[in-house]
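Undergrad: Take the sequence shown: its letters are residues 19 to 245, numbered as in the working numbering.
All C-beta atoms, glycine included, are put in the ideal place defined by N, C-alpha and C.
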Amino acid sequence: MSFLPPATTIRRYQRNVLSTTSAEIGAIYCAIVSFAHAPNEGDVEEINKSLSAIRSKLIRTKALRANAVYEHLESAWARALLRRTRFNDTDFQGDVLSVMTMISSALRSGSALPQISPCPLLDRFMSKYHGLEVIHKESEEDYGLPRTLTLQTLQNEQYMFFCVGVSTAYGLITRLDRLMVAAKEIVGEQYHIHGIGSGLILSSKVAEFGAGSGTTTGVHFRPPQDV
């Protein structure tokens with residue numbers, strides 16, 4: 019006799035935890051981007067508490083760093099960061115929030131995700147090449163900052179914070195792309211369009227309907243298991 023819940027129940031519980039966490043991350047993401055646009059010191063503590071709660075849930079520990087120190091960008095550098103990371107671009111933000119919603123909803127319901135989605139977000143995130151430019155050459159506004167990298171800029175503490183912000187944004191976007199792949203591994207894919215993109219599992223066996231024909235390599239959908 020087993021005292022463990024059925025495997026189906028465990029899988030459903032895991033999906034619910036992941037779904038809730040994804041939704042909470044989406045809310046925190048919006049709060050942070052909103053703070054960058056319109057700083058309000060009263061929001062800092064709430065954001066930090068939410069981040070700590072998420073971190074605690076993910077690593078299963080209560081050892082939180084309540085006294086962590088956070089540096090703040092000056093207004094001009096903050097606006098430059100929002101522009102560089104496309105966090106002030108409504109089209110890009112729509113894609114990011116759509117991905118978060120799709121992942122959360124699919125994990126909650128167990129429904130397969132569509133093959134084609136806004137991912138990879140990284141392609142849109144890096145749509146413009148900057149090179150040694152702090153402000154892109156096509157940008158009309160420079161916010162009073164140097165457009166190109168100089169020795170003086172490298173020594174500027176605000177530029178260092180700016181670089182950390184860009185790197186953090188890059189890490190966030192790549193993790194969202196990876197999270198989409200992981201979610202598809204759990205719930206599977208649907209609405210495949212032959213010849214566009216790629217599915218989860220490539221096989222040389224006889225393809226299923228809509229995934230190729232004969233012995234040609236095609237996309238095989240792996241349906242969710244006992245969801």
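Taking 7 Å as the limit between beta carbons, can you name the residues of its chain near Pro164, skipping five residues before and five after?
TA: Val152 and Thr171
Undergrad: Out of Lys75, Leu36, Arg97 and Asp160, point me to the one whose CA is closest to Pro57's CA.
TA: Arg97
Undergrad: Answer with buried or exposed for Ile121, where buried requires no fewer than 16 other C-beta atoms within 10 angstroms of its C-beta.
TA: buried
Undergrad: Could you work out which residue in Thr38, Glu63 and Ile134 is closest to Ile211 when comparing CA atoms only?
TA: Ile134
Undergrad: By Cβ distance, which residues of its chain are closer than 6 Å to Tyr161, with the 5 residues on each side in sequence left out?
TA: Ala94, Arg97 and Ala98
Undergrad: Gln208 bridges to which residues according to DSSP?
TA: Pro132
Undergrad: Report back the beta-carbon spacing between Gly257 and Leu91 to the nearest angstrom; my notes put them in contact at under 8 Å.
TA: Nothing can be reported for residue 257, as the shown portion of the chain is limited to 19 through 245.
Undergrad: Between the stretch 141-149 and the stretch 196-211, do three or more beta carbon pairs fall short of 8 Å?
TA: no
Undergrad: Quick one: give me the first and last residue of the alpha helix (DSSP H) that Val114 is part of.
TA: Its alpha helix (DSSP H) spans residues Thr108 to Ser127.
Undergrad: According to DSSP, what are the bridge partners of Glu151?
TA: In the DSSP output, where bridge partners are listed per residue, Glu151 has Thr166.
Undergrad: Looking only at its chain, what residues have a beta carbon closer than 7 Å to the beta carbon of Ser116, apart from the 5 residues adjacent to it on each side?
TA: Pro136
Undergrad: With C-beta atoms as the reference, is Leu125 less than 8 Å away from Val205?
TA: Cβ distance < 8 Å, so Leu125 and Val205 count as in contact.
Undergrad: By alpha-carbon positions, which one of Ile43, Asp107 and Phe179 ends up nearest to Ser145?
TA: Asp107
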